[in-house]
Each structure stands twice: as structure tokens, then as C-alpha cells.
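Take a look at the structure set out below.
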Amino acid sequence: MPLYEYICENCGYEFEELVSDSDSDIKCKKCNSPVKRKVSSFFSVVTGSESLDVKIGKEAEKRWEMHHERQEARRQGKTLEKFNLPQKKGVYSPVMALGDKDERSKRVEYSNALKEHRKEREKRGQAQFTEAGPF
Numbered sequence: 206m207p208l209y210e211y212i213c214e215n216c217g218y219e220f221e222e223l224v225s226d227s228d229s230d231i232k233c234k235k236c237n238s239p240v241k242r243k244v245s246s247f248f249s250v251v252t253g254s255e256s257l258d259v260k261i262g263k264e265a266e267k268r269w270e271m272h273h274e275r276q277e278a279r280r281q282g283k284t285l286e287k288f289n290l291p292q293k294k295g296v297y298s299p300v301m302a303l304g305d306k307d308e309r310s311k312r313v314e315y316s317n318a319l320k321e322h323r324k325e326r327e328k329r330g331q332a333q334f335t336e337a338g339p340f
């Protein structure tokens with residue numbers, strides 16, 4: 206399927222879409238209005254005072270902006286606790302609650318244990334990731 210560029214006739218929003226030849230009814234992702242297919246910049250000729258680097262930079266900026274918009278849409282409504290580690294059977298739960306005072310003592314305990322482990326490895330002359338050793 207080819208990648209086409211579209212521009213909304215109503216709000217002017219520009220986006221790209223992978224579209225099969227049979228799918229001709231494309232709507233704007235922001236306002237659901239009809240859109241026009243743009244002539245792809247891949248086939249256009251660079252003219253004017255801007256250098257090719259500037260043109261490429263602007264195209265890259267547009268693409269990164271689209272990427273960030275998609276990321277933001279995915280994250281909408283999610284809190285930090287929804288981005289956590291998996292457990293068995295794909296169930297997710299936070300390792301520790303960030304604001305909980307009882308959990309703070311666990312974090313300090315784990316951190317101290319890790320520091321002690323690293324000191325022991327240094328005493329034995331073992332680097333952190335070079336040799337296997339008991340934790």
C-alpha cells in the first residue's frame with residue numbers, strides 16, 4: 206500500500222496515510238471533513254532560496270510532530286501507575302506507589318542492598334557486568 210499525503214479542506218490539517226487503491230473515502234483525523242490528496246514531496250522539485258537541507262529538515266520536523274501527536278493520543282488518560290512492569294499472565298501492577306510512605310522505606314532498603322552488593326563485588330575485584338556472581 207502506498208503512503209499518501211493529505212490536507213483537510215476545512216481545517217488545513219496535514220497528515221499521511223497508508224491507503225489501498227480501493228479506499229478512496231479518507232476523512233480528516235481532526236474534524237472528520239473531506240480531504241484532498243497532496244502531491245508528494247518525494248516527487249516535487251526543490252526551487253527557491255531554501256537549501257535542500259532546510260527542506261529536508263522541515264519535512265522531518267512535520268513527521269516528528271505527527272509522531273508526537275500519535276504518542277500523546279496513546280498516553281491520554283494514563284497515569285504513571287499505568288506504565289509499570291508486567292507480572293505473570295500479562296497482569297500489570299505498580300512495583301511501588303510513589304507517594305506512599307511505607308513504600309519509601311522499601312525503596313531505601315532496596316537501594317541500600319544494591320549499594321552493598323556493588324561494594325562486595327568491588328572488594329572481590331569483579332566489575333558490575335563482566336562476571337557472574339551471586340546477588
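Using the numbering used here, read the sequence shown as starting at 206 and increasing by one per residue. Think of the CB as a built atom: it goes at the ideal place given N, C-alpha and C, for glycine as much as any other residue.
{"Check": "Contacts around lysine 243, its chain only, beta-carbon distance under 6 Å, and the 5 residues preceding and following it disregarded", "Outcome": "Glu210 and Ile212"}
{"Check": "Contact belief for glutamate 219 with leucine 208 at Cβ below 8 Å, rounded distance in angstroms", "Outcome": "In fact, because the Cβ distance is near 13 Å, the residues do not count as touching under 8 Å."}
{"Check": "Under 9 Å between C-beta atoms of serine 238 and asparagine 215", "Outcome": "yes"}
{"Check": "Residues bridged to arginine 323 [DSSP beta-bridge criterion]", "Outcome": "Its beta-bridge partners do not exist; DSSP assigns none."}
{"Check": "Beta-carbon gap between lysine 232 and valine 240 smaller than 9 Å", "Outcome": "yes"}
{"Check": "Burial state of leucine 290 (16 or more Cβ within 10 Å)", "Outcome": "Its pLDDT being 49, under 50, leucine 290 is placed unreliably in this model, and the value from its coordinates should be taken loosely. That one is exposed."}
{"Check": "Proline 207 CB to nearest heavy atom of the ligand MN below 8 Å", "Outcome": "Among the ligands in the structure shown, none appear at all, so the ligand MN cannot be discussed."}
{"Check": "Residues sharing a beta bridge with isoleucine 231, DSSP", "Outcome": "For isoleucine 231, which the question treats as bridged, DSSP gives no partner whatsoever."}
{"Check": "DSSP-derived helix/strand/coil call for tyrosine 218", "Outcome": "coil"}
{"Check": "Where the alpha helix (DSSP H) containing valine 259 begins and where it ends", "Outcome": "257-280"}
{"Check": "Alanine 278 versus Asp226, Val313, Lys267 and Lys234, residue with shortest Cα-Cα distance", "Outcome": "Lys234"}
{"Check": "Pairwise C-alpha distance: lysine 320 and aspartate 307", "Outcome": "21 Å"}
{"Check": "Distance between glutamate 325 and serine 316 (C-alpha atoms, nearest Å)", "Outcome": "14 Å"}
{"Check": "Whole-angstrom distance between glutamine 281 and lysine 263, CA atom to CA atom", "Outcome": "27 Å"}
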